[in-house]
Amino acid sequence: MKKIPVILFGAFTLSALSTAVERPNILFISVDDLRPELGCYGSTAIQSPNIDRLAESGIVFEEAYCQVPVCGATRASLMTGLYPTENRFVTYYTTAQTDAAGIQDIPSWLKDFGYTTISNGKIYHDRNDNSASWDDVFRSKDFKIYHNPENIALPDSEQPAYEAADVGDLDYAGGPVMQKTIEDLRRAKEMGTPFFIAAGFTKPHLPFNAPKKYWDLYDRETLELADNPLPPAGAPKEAIHQWGELRNMYGGVPEQGAVSDDYARTLIHGYYACVSYTDAMVGELLDELDRLGMRENTIVMLWGDHGWQLGEHSLWCKHALFKTSLNAPLIISAPGYEAGQRSTSLVEFVDIYPTLCELAGVELPAHLQGKSLVPILEDASTSIKDAVFSRYHSGDAVKMEGYHYAEWGNGAQMLYDHSRDPDENLNVADNPEYAEVIDRMSRRLKEHRDEILSLEPAIRAAAGVVGDNSPPKWQSRTFEQEGAVVGQALEIYANWRASDADGDRLMYSMVSGPSWIKLTNKEYGRFDGTPPADYLGENVVIVSVSDGFNPPVQARMVLNVEASALSLIC
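Under numbering that gives the first Met the number 0, think of the first position of the sequence shown as 0, with each following residue one higher.
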């Protein structure tokens, strides 16, 4: 098979290289919350003809896994090429510029080699994250866009989790991203210099709002519900969540328990419609590449930032260490490589950065922790690693040897034998027959954690951090504080939950949270406030701690506001 020649790096400067070598353009397409439930992945449920067309021109990775099953963290990890740790890439609001300060991300690195870098739509979770890496950033409103008057009139938290307005493609979030990206492709054609154009589509992220014509592609009554709607037998409680992203942010969702079959079918219908909407936008980009005659010199990569549950395991949304949350689409079409390939090799999203570098013919930065997938593009039967790793809050997971294993800091475990149970319905962690498997996989997780920890000095050096001062550490990046009651004054302290190995003086700050609570003492991490009745239930405060030397480390403080005894009597 043909492949792009390796560029030899001698005594040339980066600027000389960037002008001396004709480099391919890169179209980098991300799709939020995309499951590998597409035609090219063997599914007939969702209509995705354009993504399937892209797959036919390149290679489909069937066993691609994200590092963290939540938007901000997975994107920061992918874009920097670094694995997550206990203190890095943890939450949905993670930013790479905070958790990996000083590390050159993909666009920043490609800039050094002459690329014009453009971010359209949602690439990082925070549009301002590492903004200096881009020559141009475009991000129009892409969350909770409603057109039906009855939905617009509702309070934010009561708006529905779906909408099928009879509007055009440009009226929801994907259309403007498509339109701007086409403009950039035309500019790239005119200029003749290499472009790295990222197009980030938010659908099928909640709410499932898409033009009616995409809903009309499906017969609602024939849509199948999840055939495993209960938690896996023997699954630890740490593996299950209450899908707060859906339950707490949209109207019509029960406060507790499962949704009705009718509502579940509506959600599935909306998810499918949103995928088809984004698929149509991807098709417009591919058509424009062909019209411009740029396909022969453009690398096209499409990835979903993580998986999504549609009722499996009693869950909706992501935020879990099941395969349904971790396995996501990855498709690469690159000039000079065979089309129509499929790979079952284990790969993970930290491998994307080095892959792009090799395909573009640029050297790899020293900080990267993944492996290039180019050997698999050359031979789809090749395997480049025997294990892939993911984590979420206090849980770590590894996929290897046909097993998927996860463990939490408190000792909880789950193990799924994919040769017998590919849908992960039976946790066999307590089965003595699997004792050796669990021991082997637990040791492999420890080896991975130790290896990543050993690389931290090099990461710090790459980021320009001088010395060996360690950042502060939270006991847990998510913790609950008790005692919040409606109408009663609350005084709590967060300082006992963080420590610093170097004995540095720590200062706390409140990043975000409900309006009723305030940080009143930065040194002690003291919070005061009186919760009103309309804040009953879960309240989340994002608090950060800084030692004055390292970037602040954030944690998620959960306050479960309870009703007062008087109100219960009344």
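Even for Gly, the Cβ is constructed at its ideal location relative to N, Cα and C. Since the structure is predicted, the reported quantities are computational estimates derived from the model, not experimental observations.
When rounded, the separation of the alpha-carbon atoms in residue 245 and residue 265 is 13 angstroms. When beta bridges are read from the DSSP output, residue 386 appears opposite 399. Contiguous alpha helix (DSSP H) elements confined to the segment 433 to 477 occur at 434 to 453 and 455 to 461, taking only those with 4 or more residues. Under DSSP, the beta-bridge partners assigned to residue 315 are 309. Annotation: residue 229 to residue 208 spans about 27 angstroms, alpha carbon to alpha carbon. Cβ contact annotation for residue 523 (same chain, cutoff 8 angstroms, sequence separation greater than five): 492, 494 and 507, in chain order. Residue range 260 to 291 is occupied by the alpha helix (DSSP H) that includes residue 281.
Residue state for residue 348 is assigned as helix, using DSSP reduced to three classes. Under the three-state reduction of DSSP, residue 116 is assigned to strand. For the 8 angstroms CB-CB criterion, residue 24 and residue 300 do not form a contact. Assignment of beta-bridge partners to residue 303 by DSSP yields 30.
For residue 108, the secondary structure class from DSSP, reduced to helix, strand or coil, is helix. In this structure residue 63 is not in contact with residue 334, their Cβ atoms being roughly 21 angstroms apart against a cut-off of 8 angstroms. Here residue 405 is near residue 320, since their CB atoms are less than 8 angstroms apart.
According to the DSSP secondary-structure assignment, residue 525 is paired through a beta bridge with 492 and 520. Considered as a whole, the segment 152 to 230 harbours 173 to 190 and 211 to 214 as its complete alpha helix (DSSP H) runs of no fewer than 4 residues, in chain order. With three or more CB-CB distances shorter than 8 angstroms, the segment 336 to 354 counts as touching the segment 366 to 376. Around residue 307, the same chain offers 32, 34 and 317 as residues with beta carbons nearer than 6 angstroms, after the five sequence neighbours per side are excluded. Under DSSP, residue 330 takes part in a beta bridge, and its partners are 59 and 301. Per the DSSP secondary-structure output, residue 557 pairs in a beta bridge with 479 and 539. Residue 418 is positioned such that its CB atom lies no closer than 8 angstroms to that of residue 485.
The Cβ neighbour count for residue 340, taken over all protein chains shown within 10 Å, is at least 16; the residue is labelled buried. Under the criterion of beta carbons closer than 8 angstroms, residue 399 and residue 443 qualify as touching, at roughly 7 angstroms. Excluding its 5 nearest sequence neighbours in each direction, residue 530 has C-beta neighbours in its own chain below 6 angstroms: 483, 485, 515 and 560, listed in chain order. Segment contact: the segment 77 to 94 against the segment 51 to 61, fewer than three CB-CB distances shorter than 8 angstroms; contact not assigned.
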